[in-house]
Structure formats: structure tokens, C-alpha cells
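Asker: So that we are looking at the same thing, I have put the structure below in C-alpha cells.
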Amino acid sequence: MKKLTQAIILGALGLGAQHVHAATISKSLCVGSLSKTLYGTSTTGKSVTFWGYSDCGGGGMGGMGGGTATVPGPIMEIGVNDTLNISFSPMGMMTMEGAPYNGHTIHLHGADVQTMEDGVPETNGNMVMGDTYTWTPSAGHEGSYMYHCHVHTVKHLEMGMYSAIIVRPKNASGAFLNQLNANTTTAYDYSQNYILSTVDPAYHTASGDSVVFADYNPSYFLMTGKEGKSTAAPAMTLAAAKGKKVAFRLVGLHSTNATFQIKNGSGVAQPFTVYIRDGRTLPTAKTVTSLDLSPGQRADLITTLPTTSSTWYPQITYKKLRANTDGTYPAYATVYGKVTF
Amino acid sequence: MYKSFALIGLTLTLFGVTESAFAATQNFTLYINAGTLPITGNGGATLNVWGYGTTAVPVVPAPQLTVNEGDTVNITVINNHNINHNFIIKNVTTDTSAIAAGASKNYSFTAPAAGSYVYSDTLDSNVNREMGLYGAMIVKPTDGSQTAWIGGPAYDHENVWVVSEMDKPRWNDIAAAGFVVDTATYKPNYFMINGLGGFDAMMDMDTMIMGTLNTKSLVRIVNAGQFSHSLHFHGNHFQVLSINGVRQPTPFEQWDTINVPPMSTAEVLYSINQTGHYPMHVHTAQAEGANGVYLNGAATMIDMQ
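Line order of the protein sequences matches chains L and X. By this note's numbering, the letter at position 172 of the first sequence is numbered 934, and the numbering carries on one by one without gaps. By this note's numbering, the letter at position 74 of the second sequence is numbered 78, and the numbering carries on one by one without gaps.
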């Protein structure tokens, strides 16, 4: 549903015009099915069916049938004060559950939009067969957000219906700034989106109010859709220059505990500075060597690469929700990224 | 259902003071018994529980103990159940010894700093706690103000959320029948806020965040379960006031999702800054359901009017 955007209100008041180059960004999203071959601790791959969002804007007719679905779905970047208009067409028999969990929505997680934009069928009138979603992030709301289906979330999110929305600062000409927020101390040279997710294949074949959904046993662990089980086969790679700054945007679409670290080739955890959590700049940036990210959370952080060539391994360790008797949380698996410089 | 039984310190109202503490004496009696906890609606079941109660009927979570900072608190716990139990307010009381079946024990202490605390039975490798022996103690500031602590952030409404889970087939059914639980395996199939499945918690006036525009709700989150719980609020971000009793520096950080590990607490301030209806739910897959039935798990509503 459309709403009065803040940009319109500001414009009517004649405010904010001196520095705001508010753009309207229109996206058409559809849903499709796909399969991934995942390995986990096995040497034999298993084909797991996913549902994913696709960018179907090129297909005309609201994009019916266009685009190729991916997991995660298209990552959308918008500027502060821009208006994001998503036109969503969820039709497709391959990606539907039966009633009452038929259809799909888009929940703009962290956007704090009006109820009618929130994508929760239980509160917004059950428009699960197609809708529009509008959001205009305000200044100060730079950072990482996520979107996911909010129909029978326990199933549909697990199926892969998720991705990230990155809200970026802009300069006076309306171009994106390579910094996390309006403060130049958050400037970076490179950025990577690490989307955390976990896969319990039993959830992918069950449907409805099945007892399967009472017990979560993930066997595959992803970083932006890939397994990345070792430093030799990382899920994400970046070739950077020495001494430069790399921003990581962590987006928590997993269903377990998780810890992010950046380790050097000797396994020593390197410092990074967290500037933003959940789309809000921290009053005091925090420099740490480890950050826990729970399901639904996001963090935007920067690390500075050394001035001598080497390789670092940013990594996510997925952990159980229940601690051992000694209070530590047993790990399921670690998924690796790689930065060479 | 969740009930509080705060005793009002008469000295405060008699003298009408705000600046100094007239510590009152607060006396509570809790009885330990076996009972049941019904989770209503689809997926629901009647769970066998053990609990603390102010009568012979135990409640889960246990009665909320509400006191003022500096009060003298006397708690008598009477064990009318057939096995050993104990009573510990985490970070407050230290006596971990058992109360034998049929026996009782007195606990006296001076109410600590304003905030949210969790109490439980710590015996038998979490079995006694899992069975329902847990609750919250809320300590209010001495000046009678609606603030998280003296000089701290003010609020208009207050919610206490005791979050927990139960594994009916492997823990509750086994322990209630007098058998030994295999504590290595824990696969909870019921997830609750204030002992309620989502279908009830989304309509429970004490659990829901309800408020009119420009009011603020102080939400006290107590995780009495064994899983970490990641609570996501729709509609607005919240300010993180305290984590496990540690008051956070100002200005407070603003998040929309907070992880509350087992046996820890968090206090957040949620501002009603628009109108609408929004869910608040744990963002972890299986925690949203009752034995797999969607939304009858750890979820409630935010009603902004």
C-alpha cells in the first residue's frame, strides 16, 4: 500500500530540499523455486529446494514470470530520504503452501513502516497475493536492513525468501557515499554483505502446521547463500589493496546463535569497529574482535587492513541456542569469507 | 496466568516523600506443588509442571515479586512437593541448599538496586526450572517514580515478559511421572511468554504492549528458559536500558532485535511513535510455534493507538 512519504511531507513544508536528492526507486519482485546442492558435514551433496525472490522488473505486466529467483534474493541499495517502492507479485504454484499459509508478503524488517506496509498478514489485512510496499528511510537510519516473507515465517523464511536492504548516505549531488553513515569517520574502500542463514532440510519438505516445525536441526550453514566450509573454499572473497578499509554488513536471517570474527592466517582474531546496529548509529562506536549476532539483528562494521600483504578470513560461527553446562555454546559449523590484500 | 502481588509500603504514602527511602518490610510466602499449565489453541496441550504459587495451586511463571529498593524482604518457601527443591534469586540470594519435601525455608535480604531479576529452583540439572519453577522479581526505585531507576528513563506503561520453553515429551512428561530426564537431549516444543502460547499472549492485556501516541513502555524481559531468545519488535526500535542488571550508558543504543540468553534479563524502552498493530516475536524458527503450530509460540502484540 502506498503511504504519504516523509519526502512528500518535507517537500510540502519546503524543508530539507537544500541537501535532499530524494529519488524514487521502483522494484518489481516475484517468487520462484530453485534448488541448491548442499554438503554440510557430508561428502555427498544433497539437493534442497528453496523459494527465492527474484527481480522481475524487466518482464513487464508487473514482471509476471520474469527474473530468476535466488537465495538470498536481490540486495537492494537505497539512499537516505529515497523512497523505495516494491511491487510484489507472488503468483506461482511451485512456491505456494495451502491455506491458511498460501501466498507471500514482504516484511521490511527494521524499517518501522506503517502497519499496511509491514507485510504481516495477521495485522495488515491478509494481502498475500500481491501488494506494494513503500519505505522512505530518514536521515540517521543508514545501515543494513532485511526483507523476508512474513507468511508462515517459520517455513517461508527458512525456504529462502529473504535478502538485505542497504540504506546508504548520499552526497549533495545524490550519489552514494562510500561511508556507513553521514559521518566521514565511517568511510570505507570496499564493502561486503554477509547474509547469515541456516538450513534444516526437513523444514523444506514439511508444510502447514507440522510438528516438524517444533524442532530445528540445521545441517547447512550459509554466508550469502553459500556454504564456504573452509578457508580454502570461502563463501565470499574480496581482493583489496593493503591498508584500506573494508566494511562488512552482517544481516541475521539465521535461526541459531552466531558469532562474527575476522582472523588472520594464524587464527588470531583481528579488531573491527561496529558503527551501526539494527540501522541505528551507535552513540559510541565499539572496537572489538568478536560480535554475536542473533536472529533478526544486523551490524555494520569496518576493519582496516594492514599495510603488508596477507590474507584474512572473516567468518561466522553458528552455535546452538542451548549452552553446555559450562555456559559455552557448542558450535555447529564455521563459514568462511576471505580477504586478500 | 501472570499475577503480581506487590505489597504497598505504607510509609511512603503516609509521608508522601519522594526523595528519601522509607524502607518497608515485604513478606511473601510461596508454596511448591505439582500442577498443570494449559497452552490453549491449536497445537496446545496441558503441560505437567511444578511451580511456586501463593496457594496450593502453582502458577507458571511463578508470582511476580514486586518490591522497592532497600526494602527488607522476607520470603518463606514451603515445599509441598515430593522431592527436593530450592529457591534462588539470581544475583541476590546465595543459599542454594535444598528444601526437603515437606520442609520450608526462610530467605531474608535487602532489596537490591532497581531492576529486573529472575528467581528459580536450580536443582537437578535444570529439570526443576524447566518444569516451571521460575519467576521474576521486580525492584522499583524508592522515590515512587515511574522510572527504570532513580534518575533513569521514565515510562508510562510497564510489561514484564518471562520467556521460557518446555520439552513436553522428553522432560515434562518424564519428570512428572517420577522418572529421570535425559538432560543431554532438550528439544522444547512449547515456547511461551508469561506462560502463554502466542494465541493467548497476543490478546493478554498484561503481556501486550499497549499505549497511545507519545507514551513509552518499559519492557522487562526475563529469560527463564534454556534457549537463547532473540526478540524482534515490529513498529519501532527500542532503547536498550539495561542488560543483565548492567545499566547502559546514555544515550542508549537503539535496536529492533535483542538477544536474551538463558537466565538473564534485559530492560528496553519502547516508544509509541505511530499508530498501528504490530507483532513482537522471537525470530528463531521453531520458537514461533506450539508443537509446530505457527504463532502459538513466543509472540505477542504491540497495539499503538
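For glycine and all other residues, C-beta sits at the position ideal for the given N, C-alpha and C. For clarity, every value in this text was computed on a predicted model and none was experimentally measured.
I think Asn1104 of chain L touches Thr894 of chain L, with their Cβ atoms under 8 Å apart; what is that distance to the nearest whole Å?
Answerer: Only positions 763 to 1103 of chain L appear in this structure, which leaves residue 1104 of chain L out of reach.
Asker: Could you give the distance in angstroms between the alpha-carbon of Val793 of chain L and the alpha-carbon of Ile868 of chain L?
Answerer: Approximately 11 Å between the Cα atoms of the pair.
Asker: If you draw a straight line from the alpha carbon of Leu1083 of chain L to that of His918 of chain L, how long is it in whole angstroms?
Answerer: Cα-Cα distance, rounded: 21 Å.
Asker: Of all the CB atoms in chain X, is at least one closer than 9 Å to the CB of Gly824 of chain L?
Answerer: Residue confidence for Gly824 of chain L is low, a pLDDT of 42 falling below 50, so the modelled location carries little weight; the figure read from the coordinates is stated next. No, its Cβ sits nowhere closer than 9 Å to a Cβ of chain X.
Asker: The beta strand (DSSP E) with Phe237 of chain X in it runs from where to where?
Answerer: Element bounds for Phe237 of chain X: His233 to Phe237.
Asker: Buried or exposed: which applies to Ala949 of chain L, given that a residue is buried once 16 or more other Cβ atoms fall within 10 Å of its Cβ?
Answerer: Counting Cβ neighbours within 10 Å, Ala949 of chain L comes out exposed, since fewer than 16 surround it.
Asker: So, at 6 Å on beta carbons, what are the nonlocal neighbours of Thr993 of chain L in its own chain, with the 5 sequence-adjacent residues on each side left out?
Answerer: Excluding sequence neighbours, Thr993 of chain L sits near Tyr1075 and Tyr1098.
Asker: Between Ala303 of chain X and His285 of chain X, how many whole angstroms is the CB-CB distance? I'm expecting something under 8 Å.
Answerer: Contact holds; Cβ gap of about 4 Å.
Asker: Would you say the stretch 926-939 of chain L touches the stretch 833-841 of chain L, given that touching needs at least three Cβ pairs under 8 Å?
Answerer: The answer is yes - the stretch 833-841 of chain L touches the stretch 926-939 of chain L, with three or more Cβ pairs under 8 Å.
Asker: Would a C-beta distance cut-off of 9 Å place Asn72 of chain X and Val143 of chain X closer than the cut-off?
Answerer: Going by C-beta atoms, Asn72 of chain X is nearer than 9 Å to Val143 of chain X.
Asker: Helix, strand or coil: how does DSSP classify Tyr1091 of chain L here?
Answerer: Note: Tyr1091 of chain L maps to coil in three-state DSSP.
Asker: Are there 16 or more other CB atoms within 10 angstroms of the CB of Thr960 of chain L, so buried, or fewer, so exposed?
Answerer: Its Cβ being crowded by 16 or more others within 10 Å, Thr960 of chain L is buried.
Asker: Measuring alpha carbon to alpha carbon, tell me which residue in L:Met858, L:Ser953, L:Ala1003 and L:Thr898 is nearest Gly787 of chain L.
Answerer: Looking at the sequence itself, residue 787 of chain L is Ile, so the reference to Gly does not match. Comparing Cα positions, the closest option is L:Thr898.
Asker: Run through the stretch 153-236 of chain X for me and flag every whole alpha helix (DSSP H) of 4 or more residues, listed as ranges in chain order.
Answerer: Here the runs fully enclosed are 177-180 and 202-205.
Asker: Going along chain A, which residues have a C-beta under 8 Å from Ser972 of chain L?
Answerer: Going by chain labels, chain A is absent from the structure shown, which instead holds the protein chains L and X.
Asker: Step through the CB atoms of chain L and report whether any lies within less than 9 Å of the CB of Ser129 of chain X.
Answerer: By this cut-off, Ser129 of chain X is an interface position.
Asker: Find out if the Cβ-Cβ distance for the pair Tyr1094 of chain L, Pro963 of chain L is shorter than 9 Å.
Answerer: Going by C-beta atoms, Tyr1094 of chain L is not nearer than 9 Å to Pro963 of chain L.
Asker: Go through the stretch 865-900 of chain L residue by residue and report every complete run of the beta strand (DSSP E) that reaches 3 residues or more, in order.
Answerer: Entirely contained in the stretch 865-900 of chain L, the beta strand (DSSP E) runs reaching 3 residues are, in chain order, 869-871 and 893-897.
Asker: Hey, is the stretch 851-859 of chain L in contact with the stretch 791-807 of chain L, meaning 3+ C-beta pairs nearer than 8 Å?
Answerer: Touching, yes, given that three or more Cβ pairs across the two stretches are closer than 8 Å.
Asker: According to a CB-to-CB cut-off of less than 7 Å, which residues of the stretch 81-93 of chain X neighbour chain L?
Answerer: Against chain L - using a Cβ distance shorter than 7 Å - the stretch 81-93 of chain X contributes no residues.
Asker: I believe Ala140 of chain X touches Tyr121 of chain X by the beta-carbon criterion, under 8 Å. Please report the beta-carbon distance rounded to the nearest angstrom.
Answerer: At roughly 7 Å, the Cβ-Cβ gap stays under 8 Å, so Ala140 of chain X and Tyr121 of chain X are in contact.
Asker: How far does the alpha helix (DSSP H) with Tyr1037 of chain L in it reach, from first residue to last?
Answerer: It is not in any alpha helix (DSSP H) - Tyr1037 of chain L instead sits in the beta strand (DSSP E) that spans Phe1034 to Arg1039.
Asker: Spell out the partners DSSP gives Lys932 of chain L in its beta bridges.
Answerer: Looking at the DSSP assignment, Lys932 of chain L forms a beta bridge with L:Phe938.
Asker: With a threshold of 16 other CB atoms inside 10 Å of the CB of Gln290 of chain X, please say whether the residue is buried or exposed.
Answerer: Buried, because 16 or more other Cβ atoms sit within 10 Å of the Cβ of Gln290 of chain X.
Asker: Who are the Cβ neighbours of His236 of chain X in its own chain at under 8 Å, not counting the five residues just before and after it?
Answerer: Excluding sequence neighbours, His236 of chain X sits near Asp260, Thr261, Met284, His285, Val286 and His287.
Asker: Within the same chain, show all residues whose beta-carbon is closer than 7 Å to that of Thr1046 of chain L, passing over the 5 residues directly before and after it, in chain order.
Answerer: Result list for Thr1046 of chain L: empty, nothing under 7 Å.
Asker: Let me know the secondary structure DSSP gives Thr1066 of chain L once reduced to three states.
Answerer: DSSP places Thr1066 of chain L in strand when its eight states are reduced to three.
Asker: How would you write the range of the beta strand (DSSP E) that Pro1057 of chain L sits in, first residue to last?
Answerer: Run containing Pro1057 of chain L: none; DSSP gives neither H nor E here.
Asker: Using a Cβ cut-off of 7 Å, pull out every chain X residue sitting near Gly1058 of chain L, in sequence order please.
Answerer: Under the 7 Å cutoff, chain X gives Ser234, His236, Thr261 and His287.
Asker: Which bits of chain X does Ile876 of chain L rub up against, with CB to CB less than 8 Å?
Answerer: What sits at residue 876 of chain L in the sequence shown is Gln, not Ile. Simply Gln278 and Gly280.
Asker: Closer than 9 Å, CB to CB, is Thr948 of chain L near chain X or not?
Answerer: By this cut-off, Thr948 of chain L is not an interface position.
Asker: Note the first and the last residue of the continuous alpha helix (DSSP H) segment covering Tyr965 of chain L.
Answerer: Element bounds for Tyr965 of chain L: Pro963 to Thr967.
Asker: Please compile the residues from chain X whose C-beta is within a distance smaller than 7 Å of the C-beta of Tyr978 of chain L.
Answerer: What Tyr978 of chain L touches in chain X: Ala289 and Gln290.
Asker: DSSP three-state call for Ala976 of chain L: helix, strand or coil?
Answerer: Looking at Ala976 of chain L - three-state DSSP - the assignment turns out to be helix.
Asker: Check Gly819 of chain L in the structure and name its three-state DSSP category.
Answerer: Helix, per DSSP.
Asker: Could you tell me which of L:Ala1085, L:Thr1096 and L:Phe1103 sits nearest to Asn315 of chain X, measuring between CA atoms?
Answerer: Only positions 5 to 309 of chain X appear in this structure, which leaves residue 315 of chain X out of reach.
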